[in-house]
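J.:
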Amino acid sequence: MLSLQTVTKRFGASTALDAASIDAGPGELLALLGPSGCGKTTALRVAAGFERPDSGRVELDGRLVAGPGVFVPPERRGVGMVFQDYALFPHLDVAANVGFGLPSRGRGARVEEVLELVGLSGFGPRSPGELSGGQQQRVALARALAPRPGLVLLDEPWSAIDALLREEMRGELARILRAEGVTVLLVTHDREEAFTLADRIALMRDGRVVQAGRPEDLYFNPADRWCARFVGASNLVPAELARGFEGGGRIGDTGDVLLRPELVGLEIDPAGSAEVERRTFLGHDVLYRLRLADGTLLAAQRPSNEQVPLGSRVRVRLHEGPVTAFERP
Ligand code: ATP
Numbered sequence: 130m131l132s133l134q135t136v137t138k139r140f141g142a143s144t145a146l147d148a149a150s151i152d153a154g155p156g157e158l159l160a161l162l163g164p165s166g167c168g169k170t171t172a173l174r175v176a177a178g179f180e181r182p183d184s185g186r187v188e189l190d191g192r193l194v195a196g197p198g199v200f201v202p203p204e205r206r207g208v209g210m211v212f213q214d215y216a217l218f219p220h221l222d223v224a225a226n227v228g229f230g231l232p233s234r235g236r237g238a239r240v241e242e243v244l245e246l247v248g249l250s251g252f253g254p255r256s257p258g259e260l261s262g263g264q265q266q267r268v269a270l271a272r273a274l275a276p277r278p279g280l281v282l283l284d285e286p287w288s289a290i291d292a293l294l295r296e297e298m299r300g301e302l303a304r305i306l307r308a309e310g311v312t313v314l315l316v317t318h319d320r321e322e323a324f325t326l327a328d329r330i331a332l333m334r335d336g337r338v339v340q341a342g343r344p345e346d347l348y349f350n351p352a353d354r355w356c357a358r359f360v361g362a363s364n365l366v367p368a369e370l371a372r373g374f375e376g377g378g379r380i381g382d383t384g385d386v387l388l389r390p391e392l393v394g395l396e397i398d399p400a401g402s403a404e405v406e407r408r409t410f411l412g413h414d415v416l417y418r419l420r421l422a423d424g425t426l427l428a429a430q431r432p433s434n435e436q437v438p439l440g441s442r443v444r445v446r447l448h449e450g451p452v453t454a455f456e457r458p
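So, in structure tokens, the structure goes:
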């Protein structure tokens, strides 16, 4: 549905996109995840046609919209966009905002339909200024969906909504987008948001996509140490290969093994070789920092019904689960 192929975009001396390739299939929700300044918004703007790539190609639904000698402007791409600040027209009522740009034939019916889809039936005559942030977001979404685009672009759509509402809104938004069956490209720097919503995640760094895959793949099988740390708390434990395994490697090879904190179990044992050095209560879980006899620090995350007091001596036991090994550079 959307394909950015080795797209480069420079602004003066800074390279916002550096041969970035991004693909989203029909009906897929793809999250662009990465730290501030990595090029997420630029990728979205290139997809929408607000920026012209310096090189590379952009295809929408199999049609070339940007590439050598070709540039299709935003209004002819059939792409819906929800901006961070929603960009509603303050002087138009909700219905006029949603119907903006729709052909007059069937406009009223389509406006009613999308307002119902976003849970705002009957809000048509209201002014955007009378609505809450969450309601304005839904109007912006209704406006993006009204012309039945094949692709919707969302740029940090929750930045103007307070944390409490955000989780509820996320679920709601995902439901609406799935109901429409539209392809979605979502920009976020929040890994939890990407994990909860996305079918696949494209993780970006310095203008490049460093890994793309299902949330589980990024979490348990990160491409490198940086990816491992970006998507979650990580223990990178020095290790030596003692037995052959399917993935190859030679006995005696050394590297680091990624152990997610929830794979690290602990049992109170006065003869144990580790000590609970720090303990952070997270509500559903407790995060522990353990110091092993040789000074190695390990993060462990356990459900909060297994609370172990600070300063306890413990025995560490690894739970079964996926681990990834990285070679030493
Ligand atoms: P954030 O999460 O902070 O919004 P981002 O990942 O969306 O960041 P971009 O906004 O795409 O990042 O910016 C990527 C790089 O390109 C940054 O270094 C930024 O300063 C630069 N950049 C983006 N737009 C412009 C512009 N119009 N003019 C100059 N530099 C720009």
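To convert, count from 1 in the sequence shown and add 129; that's the numbering used here.
Virtual Cβ for every residue (Gly too), placed ideally from N, Cα, C.
Return the residue from the list 281, 261, 271 that minimises the CA-CA distance to residue 291.
T.: Per the Cα distances, 261.
J.: Which one or two residues does DSSP pair with residue 164 in a beta bridge?
T.: Note: residue 164 sits in no beta bridge, so no partner.
J.: Go through its chain and collect everything with a Cβ distance to residue 216's Cβ below 8 angstroms, but skip five positions before and after it.
T.: These residues qualify, in order along the chain: 269.
J.: What is the C-beta distance between residue 152 and residue 131, in whole angstroms, given that I count them as a contact (C-beta under 8 angstroms)?
T.: The Cβ separation is near 7 angstroms, so the contact holds.
J.: Which word fits residue 304, buried or exposed, when buried means at least 16 other C-beta atoms lie within 10 angstroms of its C-beta?
T.: By the 10 Å Cβ count, residue 304 comes out exposed.
J.: Along the beta strand (DSSP E) that carries residue 137, what are the first and last residues, could you check?
T.: Run containing residue 137: 131-140, per the beta strand (DSSP E) assignment.
J.: Could you give the DSSP three-state label for residue 261: helix, strand or coil?
T.: Residue state, collapsed to three classes: coil.
J.: Bridge partners of residue 430, per DSSP?
T.: Looking at the DSSP assignment, residue 430 forms a beta bridge with 416.
J.: Return the first residue and the last residue of the alpha helix (DSSP H) that residue 359 is part of.
T.: Element bounds for residue 359: 354-360.
J.: Taking its Cβ as the centre, do 16 or more other Cβ atoms sit within 10 Å of residue 385, making it buried, or is it exposed?
T.: So residue 385 ends up on the buried side.
J.: Contact between the stretch 183-195 and the stretch 355-370 is defined here as three or more beta-carbon pairs at a separation below 8 angstroms; is this criterion met?
T.: No, because fewer than three Cβ pairs between the stretch 183-195 and the stretch 355-370 fall closer than 8 angstroms, the two stretches do not touch.
J.: If distances are taken between C-alpha atoms only, which option among 324, 318, 281 comes closest to residue 310?
T.: The residue with the shortest Cα to Cα distance from residue 310 is 281.
J.: What residue range is occupied by the uninterrupted alpha helix (DSSP H) comprising residue 246?
T.: Note, residue 246: alpha helix (DSSP H), 236-246.
J.: Heavy atom of the ligand ATP less than 8 angstroms from the Cβ of residue 172, yes or no?
T.: Correct: residue 172 has its Cβ closer than 8 angstroms to the ligand ATP.
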